[in-house]
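Data block below; observations after.
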Amino acid sequence: MGKLLCSRVRKSLHSYAAGETEGLEHFLIKEHLDNCPSCKAEYERILEIKSILSNMGRNIAVPCSLVVNIMEAIDLEKYKAIGIHALNNLRNFGISFIAAGLIISLFSVAPGMGCSNKRFIGRSMAKVQESILKPFEVLNNSVISISDKISNLNEAMSANNE
1 MGKLLCSRVR KSLHSYAAGE TEGLEHFLIK EHLDNCPSCK AEYERILEIK
51 SILSNMGRNI AVPCSLVVNI MEAIDLEKYK AIGIHALNNL RNFGISFIAA
101 GLIISLFSVA PGMGCSNKRF IGRSMAKVQE SILKPFEVLN NSVISISDKI
151 SNLNEAMSAN NE
């Protein structure tokens with residue numbers, strides 16, 4: 001039970017050190033730290049690290065080239081290709097969905113219907129097709145816009161490096 005209790009206490013030491021524990025949990029952790037030198041040493045290391053980090057956080061200057069280095073590390077072509085691939089998959093799904101809707105509607109049409117009914121069904125199917133395609137067109141335009149912005153950013157980053 002000793003190792004299990006130590007494991008549970010150690011999972012809560014950061015919260016305890018930050019003053020985020022209360023009530024029975026706080027009391028049990030305090031009791032355990034008073035009786036377990038290993039967990040108490042771990043708790044004291046946490047406090048020491050928190051102290052060091054809080055003191056040095058104000059004195060760290062971020063290098064100017066950090067953003068440039070991060071942007072250079074990002075493979076924009078890879079993300080652009082992923083977006084285009086996802087868009088193509090959505091298009092294929094949409095086309096499949098439209099085809100399925102057309103097939104279902106054709107099966108629901110009774111054979112031997114008059115010419116006027118077929119025109120009505122044709123117009124109805126065009127409206128259904130338009131309502132299905134519209135969201136995909138919007139998504140397509142959004143992906144193209146994002147892709148263009150990524151390309152522009154890539155060009156801007158290349159120009160800054162020259």
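Just so you know, full-length UniProt numbering puts 55 at position 55 of the sequence shown, and the rest follows in order with no gaps. Even for Gly, the Cβ is constructed at its ideal location relative to N, Cα and C.
For Ile52, the uninterrupted alpha helix (DSSP H) run begins and ends at 37-56, by DSSP. C-alpha of Asn141 to C-alpha of Asn92: approximately 16 Å in a straight line. If you look at Glu22, you'll find it isn't in any alpha helix (DSSP H); DSSP assigns it neither H nor E.
Linking Leu24 to Asn55 through their CA atoms gives a straight-line distance of about 32 Å.
In the structure shown, Pro135 adopts helical secondary structure according to DSSP, grouped into three states. In the displayed model, Ser65 falls within coil according to three-state DSSP, outside both helix and strand.
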